[in-house]
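*Asks:*
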Amino acid sequence: MEYNFKELEQKHRENWQKNNIYEVKEDKNKPKFYVLDMFPYPSGAGLHVGHPLGYIASDIYSRYKRLKGYNVLHPMGFDAFGLPAEQYAVQTGQHPAITAEINIKRYKEQLSKIGFSYDWSREVRTSDPNYYKWTQWTFLQMFHHWFNNKTQKAESIETLISEFKKNGNTQVNAACNDIPLFEAAVWNGMEDDEKDTILMNYRIAYRANTKVNWCPELGTVLANDEVKDGVSERGGYTVIQKDMMQWQLRVTAYAKRLLTGLDTLDWSDSLKEMQRNWIGRSEGAEMFFEIKDEDDKILVFTTRPDTIFGATFMVLAPESELVDKLTKVENTEEVDNYVKRAKNRTERERMADAENITGVFTGSYAVNPFTGKDIPIWVADYVLGGYGTGAIMAVPAHDSRDYAFAKQFNIEIIPVVEGGNIEKESYDAKTGKMINSDFLNGLDVKDAVINMIKEIETRHLGKRKVNYRLRDAIFSRQRYWGEPFPIYYKDGKTIPLKENELPLTLPEINDYKPTETGEPPLKRAKEWLYDGKYKYELSTMPGFAGSSAYYLRYMDPQNDKELVSKEANEYWQDVDLYIGGTEHAVGHLIYSRFWNKFLFDLGLIVKDEPFKKLVNQGMIQGRSNFVYRIKNSNKFVSYNLKQDFEVTEIHVDVNIVHNDILDIEAFKKWRSEYEDAEFILEDDGKYHCGYAVEKMSKSKYNVVNPDDIIEEYGADTLRLYEMFLGPLEQSKPWDTNGIEGVYRFLNKFWRLFFNNDGNFNLSDEEPTKEEQKIIHTLIKKVGEDIERFSFNTTVAAYMVCANDLAKLKCRKRDVLKNFLIVLSPFAPHISEELWQLSGNSGFVIDSGFPKFNAAYLIEDTLKYPVAFNGKTRFTLELPKDTEKAEIEKIVLSDERTKKRLEGKGIKKIIVVPGRMVNIVI
RNA sequence: GCCCGGAUGGCGGAAUUGGUAGACGCGCGGGACUUAAAAUCCCGUGUUCAGUAAUGAACGUGCCGGUUCGAUGCCGGCUCCGGGUACCA
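Everything in the first sequence is counted per the working numbering, starting at 2 for the first residue and increasing by one.
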C-alpha cells in the first residue's frame, strides 16, 4: 500500500471535524493549558509559506500537551477591522465587510488544509457586532474609571465624585491631566457641565486636545507605534504633528505596573528589553529655576541633578508655553520665526536634520539656584515639547547635545565631574568624582545625585521624580472600518451609551473616503443619530482595540451577558503559551497588558498578566533566484560563466527553478519576451541560477504558497519541513529544495508498517532490548525537545529512529505504536491513518503520550574519548562502573597511548569518570 | 549613537551544564536494482598534507588576546550581519 497522503489527509481532516475532536469545555478533572496564536489580519494576498510557521509550532505544542493529559484550549479567529480593507473600499466602493469576508474565507481554507487542532466553535472576529459589543463595553468601563496612584489601581469614577464632594481634589493623587486644585465647596457649586469637564481629566478613557501624528494621505491620526522613521508604518506616508481633540487611553497610569510586571513573565530578554525601552523609565529630579527680574519660573526634569553646578544655560522646546512669556520684545521676531519653522517641519525633516544645530536666544535669563549665576534661556528644537516638562537645564560639559549647542553658540562649559577631556567632547558617563561643585566636591556621581536631590527637597526647589517615555494611547481614528465609539454629544456634553444599548453598530455609508471638509467618513451617515437627535462620535477605534482582549473572549465566545464569565475565566485563567511575531512587541503586547490590568482591577478577571510565556517565531525569508542577461541581448549566461560578460541580474520565479537549475522550457513560457531567449550553459549542459536571501515578496518572484506544497507533498510534510528548517525563533530562508528529505522520511516511516509484499503487517513479538532502546531514546528526546521548543532537532530524532528501525527491519506493534504517537503532534494525518490501520480505537490525539522508561537506556559500557592536550585521538570502550584509577591504568597501557608518549613525559592526566580522559604531555 | 540578538562544511543547521565539533537533512560523487527511468537501497563527502592502499598527520566553530588539563560555549578587545530605538534631558 502506497503512502497516499492526499487521500488520507483529507479523510482524517473531515473525520476530525465530524467528531468535533478539537472542541473543548471547562473540565475541572483535568489541568488546563491555553495555547494562543496571534490571530491574523486576513489580507487579500492569502498565506505564504512563512505565515503558518508559528501556527504549526503552537499546534504541535497543543497536541503534545493534550497527549500529556491536559485540557488544551487552542482557538483561532480573525482581526478583521483595519486599514487595507478600508483602502480597498475607498478605491473600489466594495464594502470592507465583504472584502473581509472573502479574505477570511480564503484564510480559513488555507489554514484548514494544514490540519490544525483549532476549536473553531470558539472563533471570534473583531468586526462582528457580537464581538465588538465587548470592545465598546470595555471602553465604557474605562470611561467610568479613574486611576488612583495611591492604590495603583483603577477605581470607579463614583468614588472620585464623592471625594470631590467631601474634600475637593486636594487630597487626590490620580493619574490625570494638568488640573488646578479646588476645594469641596467649589466642586459643589459647579454646574453639571463644569463637573463633566473636570471629570474628563481623570477618566482612563478620556477626550482631550493633544499633539497627534497626523497622516494627511491616510486622513487619520496614528499611534506612536504605527509610525516608523517619521512615516506611517502602513503605506509609508508622511506624518506631521498636529493638535487635535482625540479620545485617549491613560496607558501611562499603568507605566509602573507594566514595567514591574515584565519581571514575572517568561518572555525573551530582547522582547522585554523592547518593552522597557518603550516604557522608558528614567529617574531624576524635577526642579524650578527662577527667572531673573520676573515672577515666572521654569520647571525642568533632569536625570543628572548632580551636575547643576555646570548648568550654564537653559533650553525651552519651541512648543513650550513659556516661550511667548519669556521672549523679550527685541527678540520676538527671531524667536517667532524659529518657532514657526520648527512647527511646520515634519517628524522626518526634523530627524534628517538632527546634526544641524539651531536655536535662538529669548533675551531672558534664569538664575542657577546653586551658583547664583544668571544663565541665558534659549529656544531650540532639540528639546521636545512632549517629554518631561518641555524645558531643560543644559550642562554642556556632561551632555553631548548641550555640548554641541554650547560650542555652536559660544556658551560657557564648566566641567563638574572628573574624567573626560571637555576640550574635545562632553563627558557623559555617570562615573567619576565631583569638582567645581561646592558641597558635592569629592563625591562619586552616584552619591552626588542622592545628596543633591536631598538638598533640592530641603530647599523646596523641587523633588525626586520618575519620568516615563510612554505616552497615553490615542484612541480615535478618522476612519470607517473600526468599532464606533459608544458615545454621543448632547448640548456640549459627552454622554456614554448605557450597557443595554450596546452594541452600537457601524452604519452603512456610500463612500468610504473622509469628507471634503476632512471629517471622518461616518459624517456621511446622516441618519445616524442617538434618539434621532444627537450626534455620535464620528471617529472609530484603532486596530489594537479589537485585539486587546480577544484572548479573554475565546474563553467564553458566545456569552452575551458578559465579556467572559467568572467560571470560564477562573478555569482558563491566562494564556500559558503565546506564539507570534515580534512586530507586535510594543503595540499589541503593551496595549493587551494594559487592557488586561484594567479588567483585573475591576475584579472581572483573575490574572494581572495575560501571557505567561511568549515565543516569537522568526521570519521566514525568501530565497530568490536570478538569471543573467547579457546586456543588449536576449541571451542568458549561466551563473559561473557570467564574469566574462556584462550582465543584468534578473529575478526569476523560484517555482521554475530546481536546486538552482533553471527549467529552460518553463522559463521560455514564463514571459513572452523570453520566448526566443538563448542560453550559454555550463559544462554539465545546465543553466545554473544565482540566489540571494531576501524578503519574501511578489516582486521578487520568491513567494511560495503552502497550498502548492500541500498539493505536491501533503500537509504532514509541510508541517515537518517548516519545523525542520531551523530553530523556531531564528530567521531563516525558505528553500523548497530540502523538502524531499522529510518527504522521504515520511515514506520510510510509512513503510515500517508494511511487509515486503506491501501489506499492512505488524508483529506482536516482544521488542528486543535494542529496539526498546531506540524507541525510548526517541520518547525521551521528543518530550524534552518539544518542551524547549527545539522542533528542528525533534524532526532529526524522528529520522534517526526511523533509520535505526528500518535497519533492524523492526515491525513490532509495541515499538511502532509508540513511534506513531510521539510523531503525531508533528504529522497528525499519517499518524492517525496508521493508528487506525493498527486496529486501535478512537483517535491518536487521545492515546496518551508514552511513558519513558529509563531502564532501557542504561548501558553496560561507556565510550571514553582519550584526548592528548585536549585533542581527542581515539576512543576506548570500558565497563560502566570502571574506577578512576582503573581507567587511568587501562589508558596508559594502551598501545596507542604508548605510541604517542614516545620520548615524552606525562605532565598530568585527567580522568573524569563517565566522561573522558585527557593526557597532558 | 545606544540596547538586544547572531556569525559553525557547498547550503539549512546539531552539539541541553566547559568534556569525541559537524547529529539530521539538502546538495554533490560513486555503486546496486532496472531494458531504461522513477522510486528504493548501499558507500563516500570539513580543509590541507603524506601514502598505491589500509591509514596517518596537521589545521579547523568571524578576528585578536586571555582563563582552563580541556573553550563553538566563559572573560577582555574588535569586525561584520540582523532587529529595536533615538535630539527622551
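Note that beta-carbon positions come from the ideal geometry of N, C-alpha and C, so glycine has one too. Predicted model, so just to flag it, every value in this text is computed and none were measured.
Which one of Arg752, Thr127, Glu350 and Thr873 has the shortest CA to CA distance from glycine 483?
*Replies:* Here residue 483 refers to the residue found at position 482 when the first sequence is read from its first residue. Glycine 483 has its Cα closest to that of Thr127, out of Arg752, Thr127, Glu350 and Thr873.
*Asks:* Note down, in chain order, each residue of its chain lying with its Cβ closer than 7 Å to the Cβ of glutamate 889, except the 5 sequence neighbours on either side.
*Replies:* Within the first sequence, residue 889 is the residue found at index 888, counting from 1. So the list reads Ile910 and Val912, once near-sequence residues are dropped.
*Asks:* With C-beta atoms as the reference, is glutamate 679 less than 7 Å away from lysine 733?
*Replies:* Indexing the first sequence from 1 puts residue 679 at position 678. Indexing the first sequence from 1 puts residue 733 at position 732. It is not a contact, given that the beta carbons lie outside the stated cut-off.
*Asks:* Please classify methionine 800: does DSSP put it in a helix, a strand, or coil?
*Replies:* Locating residue 800 in the first sequence gives position 799, counting from the first residue. Helix at methionine 800.
*Asks:* Where do the ends of the alpha helix (DSSP H) carrying glutamate 15 lie?
*Replies:* Here residue 15 refers to the residue found at position 14 of the first sequence. Element bounds for glutamate 15: 6-19.
*Asks:* Nearest to lysine 329 by alpha carbon, out of Pro543, Val316, Val213 and Phe362?
*Replies:* Here residue 329 refers to the residue found at position 328 of the first sequence. Minimum Cα distance to lysine 329 is reached at Phe362.
*Asks:* Look at the Cβ atom of phenylalanine 310, then the Cβ atom of phenylalanine 371, and state whether they are nearer than 7 Å.
*Replies:* Residue mapping note: residue 310 aligns to position 309 of the first sequence, counting from 1. Residue mapping note: residue 371 aligns to position 370 of the first sequence, counting from 1. In contact: phenylalanine 310 and phenylalanine 371 (Cβ atoms closer than 7 Å).
*Asks:* Taking the alpha-carbon positions, what's the asparagine 178 to methionine 275 distance?
*Replies:* On the first sequence, residue 178 is found 177 positions in, with the first residue counted as 1. On the first sequence, residue 275 is found 274 positions in, with the first residue counted as 1. Their Cα atoms are separated by approximately 27 Å.
*Asks:* Would the beta-carbon of asparagine 703 fall within 7 Å of that of methionine 697?
*Replies:* Taking the first sequence and counting its residues from 1, one reaches residue 703 at position 702. Taking the first sequence and counting its residues from 1, one reaches residue 697 at position 696. Result yes, Cβ atoms of asparagine 703 and methionine 697 sit closer than 7 Å.
*Asks:* Please state whether the Cβ-Cβ distance between leucine 444 and tryptophan 138 is less than 7 Å.
*Replies:* On the first sequence, position 443 is the one that residue 444 refers to. On the first sequence, position 137 is the one that residue 138 refers to. Not closer than 7 Å, so no.
*Asks:* If the criterion is Cβ atoms closer than 7 Å, does the pair histidine 689 and tyrosine 722 meet it?
*Replies:* One-based indexing of the first sequence puts residue 689 at position 688. One-based indexing of the first sequence puts residue 722 at position 721. No.
*Asks:* If distances are taken between C-alpha atoms only, which option among Asn411, Glu320 and Tyr35 comes closest to histidine 75?
*Replies:* Here the question's residue 75 lines up with position 74 in the first sequence. Residue Tyr35 is the option with its Cα nearest to histidine 75.
*Asks:* Which same chain residues, not among the five before or five after glutamate 24, have their C-beta less than 6 Å away from its C-beta?
*Replies:* Along the first sequence, read from residue 1 onward, the residue named residue 24 stands at position 23. Excluding residues within five positions, the ones whose Cβ falls inside 6 Å are Asp120 and Ser122.
*Asks:* Is the distance from the Cβ of isoleucine 907 to the Cβ of tryptophan 735 below 7 Å?
*Replies:* As a position in the first sequence, residue 907 is number 906, starting the count at 1. As a position in the first sequence, residue 735 is number 734, starting the count at 1. It is not a contact, given that the beta carbons lie outside the stated cut-off.
*Asks:* Could you name the residues that DSSP lists as bridge partners for methionine 288?
*Replies:* Position 287 of the first sequence, counting from 1, holds the residue named residue 288. DSSP, once it has assigned bridges, lists Val301 and Gly463 as partnering methionine 288.
*Asks:* Going by the DSSP bridge assignment, what does proline 734 pair with across the sheet?
*Replies:* The residue labelled residue 734 in the question sits at position 733 within the first sequence. Bridge partners of proline 734: Gln622.
*Asks:* Enumerate in chain order the residues of its own chain whose CB-to-CB distance from methionine 724 is below 8 Å, with the five nearest sequence positions on each side excluded.
*Replies:* Counted from its first residue, the first sequence places residue 724 at position 723. Once the five neighbours on either side are set aside, the close Cβ partners of methionine 724 are Ile57, Ala58, Ile61, Phe792, Asn793, Thr795, Val796 and Phe827.
*Asks:* Less than 6 Å between C-beta atoms, sequence neighbours within five positions excluded: which residues of the same chain meet that for valine 565?
*Replies:* Taking the first sequence and counting its residues from 1, the one referred to as residue 565 is at position 564. Taken in chain order, the residues that qualify are Leu553, Met556 and Asp557.
*Asks:* Evaluate contact between the segment 813-824 and the segment 79-94, counting only Cβ atoms and requiring at least three cross-stretch pairs below 8 Å.
*Replies:* The segment 813-824, when compared against the segment 79-94, does not touch it at the 8 Å Cβ threshold.
*Asks:* Touching or not, the segment 261-281 and the segment 605-612, by the rule of three or more beta carbon pairs under 8 Å?
*Replies:* Yes, the segment 261-281 is in contact with the segment 605-612.
*Asks:* Under 8 Å by Cβ, that's how I've got alanine 868 and valine 918 pegged, so tell me the actual separation to the nearest angstrom.
*Replies:* In the first sequence, residue 868 corresponds to position 867, counting from 1. In the first sequence, residue 918 corresponds to position 917, counting from 1. Rounded, the Cβ-Cβ distance is 7 Å, consistent with contact.
*Asks:* Classify glutamine 88 as helix, strand or coil using the three-state DSSP reduction.
*Replies:* Here residue 88 refers to the residue found at position 87 when the first sequence is read from its first residue. Glutamine 88: helix per DSSP, three-state reduction.
*Asks:* Can you tell me the Cβ-Cβ gap for tryptophan 751 and isoleucine 831, rounded? I've got them flagged as a contact below 8 Å.
*Replies:* Position 750 of the first sequence, counted from the start, is the residue given in the question as residue 751. Position 830 of the first sequence, counted from the start, is the residue given in the question as residue 831. Right, their Cβ atoms sit about 7 Å apart.
*Asks:* Is the CB-CB distance between phenylalanine 314 and threonine 390 below 7 Å?
*Replies:* Along the first sequence, one-based indexing puts residue 314 at 313. Along the first sequence, one-based indexing puts residue 390 at 389. No.
*Asks:* Pull the bridge partners of threonine 198 from the DSSP assignment, please.
*Replies:* Counting from 1 along the first sequence, the entry for residue 198 is found at position 197. In DSSP, threonine 198 forms no bridge with anything.
*Asks:* Between tyrosine 688 and the ligand COA, is there a pair consisting of the residue's CB and a ligand heavy atom that are separated by less than 6 Å?
*Replies:* As far as ligands go, the structure on display features none, and thus does not contain the ligand COA.
*Asks:* Compare the C-alpha of glutamate 695 against each of Glu772, Trp573 and Gly623 and name the closest.
*Replies:* Along the first sequence, read from residue 1 onward, the residue named residue 695 stands at position 694. That would be Gly623, whose Cα lies nearest to the Cα of glutamate 695.
*Asks:* Sort Glu528, Ser321, Met77 and Asp307 by Cα distance to isoleucine 299 and report the nearest one.
*Replies:* Reading the first sequence from its first residue, position 298 is the one you call residue 299. The residue with the shortest Cα to Cα distance from isoleucine 299 is Ser321.
*Asks:* Straight-line CA distance for asparagine 748 to histidine 777?
*Replies:* In the first sequence, counting from the first residue as 1, residue 748 sits at position 747. In the first sequence, counting from the first residue as 1, residue 777 sits at position 776. Looking at the two C-alpha atoms, the distance is approximately 22 Å.
*Asks:* Taking the beta strand (DSSP E) that lysine 243 falls in, what are its first and last residues?
*Replies:* Taking the first sequence and counting its residues from 1, the one referred to as residue 243 is at position 242. Segment 241-250, the beta strand (DSSP E) holding lysine 243.
*Asks:* Distance check for aspartate 602 and phenylalanine 595, CA to CA, integer angstroms please.
*Replies:* Position 594 of the first sequence, counted from the first residue, corresponds to residue 595. Position 601 of the first sequence, counted from the first residue, corresponds to residue 602. Approximately 11 Å between the Cα atoms of the pair.
*Asks:* Return the CA-CA distance between tryptophan 248 and methionine 201, expressed in angstroms with no decimal places.
*Replies:* Against the first sequence, residue 248 aligns to sequence position 247. Against the first sequence, residue 201 aligns to sequence position 200. Looking at the two C-alpha atoms, the distance is approximately 10 Å.
*Asks:* Tell me the residue span of the alpha helix (DSSP H) that contains methionine 275.
*Replies:* For the purposes of this step, residue 275 is taken as residue 274 along the first sequence, with counting starting at 1. That run of the alpha helix (DSSP H) goes 270-280.
*Asks:* In whole angstroms, what separates the C-alpha of phenylalanine 6 from that of phenylalanine 844?
*Replies:* Within the first sequence, numbered from 1, the residue matching residue 6 stands at position 5. Within the first sequence, numbered from 1, the residue matching residue 844 stands at position 843. If I take the Cα positions, the gap works out to 18 Å.
*Asks:* What's the C-alpha gap between leucine 729 and aspartate 654?
*Replies:* For the purposes of this step, residue 729 is taken as the residue at position 728 of the first sequence. For the purposes of this step, residue 654 is taken as the residue at position 653 of the first sequence. If I take the Cα positions, the gap works out to 27 Å.
*Asks:* I'd like the span of the alpha helix (DSSP H) that includes valine 823, first residue to last.
*Replies:* In the first sequence, residue 823 corresponds to position 822, counting from 1. Per DSSP, valine 823 belongs to the alpha helix (DSSP H) from 814-824.
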